[in-house]
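In this note's numbering, the protein residues as written are 789 to 945. Every residue, glycine too, gets a C-beta built ideally from N, C-alpha and C. For clarity, every value in this text was computed on a predicted model and none was experimentally measured. I have placed the structure first, in the form of structure tokens, so that the comments after it can refer back to it.
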Amino acid sequence: MSAQTIFDTAPLGALVRYCDGRPQPPARFTKKLAEWERSNGIGRLIRKAPKAVRPSFRSPASITLHQGDLSRGPVVVLTIQFTFSVTSNLVFEVIETPMPGSMRVLRPYGDHIELLYLAPDRRAAEIWLRSTPYCDAVFEEVGVDEPAAVLVSGRAA
């Protein structure tokens, strides 16, 4: 599916795979492998930004995937996120949607919202929030009635 389809249908917290269709090069070709890894990966959908029209520029709608954190002990040193325009040529697929009953920890981010954490339940979300500096975060429970019927390789997710 396209990035536009992910933007339109995938819920925040969904695990999304993206690829460019090329086979993975052998490990001995380090530069080719690094280039391939930039266009092929898996990340959690944390942001859907609407298109922006400003006097000096225009930007299409986009999705942001969180791929991971690099940390030293309990301190996160670097967060790895990739943002893709809805006009991207990459192929995307939802491989997992958030479980009903889990809690999204969200915060306002400009004119949209950003997923900070996907907790298995409210108690875990509250514990996580107490250990972070986000004062404007809110909880949202993943409902049973959320549209989660995004097809993945011919089956319902």
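Option nearest residue i by Cα separation, candidates the options
i: GLY831; options: VAL865, ARG911, ILE794, ALA925; result: ILE794
i: ALA840; options: LEU903, THR920, VAL874; result: VAL874
i: TRP824; options: ARG810, ALA837, LEU866; result: ARG810
i: PRO886; options: VAL932, PHE817, LYS820, GLU914; result: VAL932
i: GLY898; options: ALA815, ASP924, ASP909; result: ASP924
Cβ-Cβ distance between residue i and residue j below 8 Å
i: ASP857; j: ASN828; result: no
i: VAL926; j: LEU894; result: yes
i: GLU902; j: ARG842; result: no
i: PHE870; j: LEU878; result: no
i: HIS900; j: ALA822; result: no
i: LEU803; j: ILE883; result: yes
i: ARG805; j: GLU881; result: yes
Pairwise C-alpha distance: residue j and residue i
i: TYR922; j: GLN812; result: 39 Å
i: GLN792; j: THR920; result: 32 Å
i: LEU866; j: ARG860; result: 10 Å
i: LEU906; j: SER847; result: 28 Å
Neighbour-count burial assignment, residue i, 16 or more Cβ in a 10 Å radius
i: ARG892; result: buried
i: LEU939; result: Caution applies to LEU939, whose pLDDT of 45 falls short of 50 and renders its modelled position unreliable; the model cannot decide the point.
i: VAL863; result: exposed
i: ALA913; result: buried
i: ILE851; result: buried
Output the residue ranges of the beta strand (DSSP E) runs that lie fully inside the region 830-880 and measure 3 residues or longer, sorted by chain position.
850-860, 863-873
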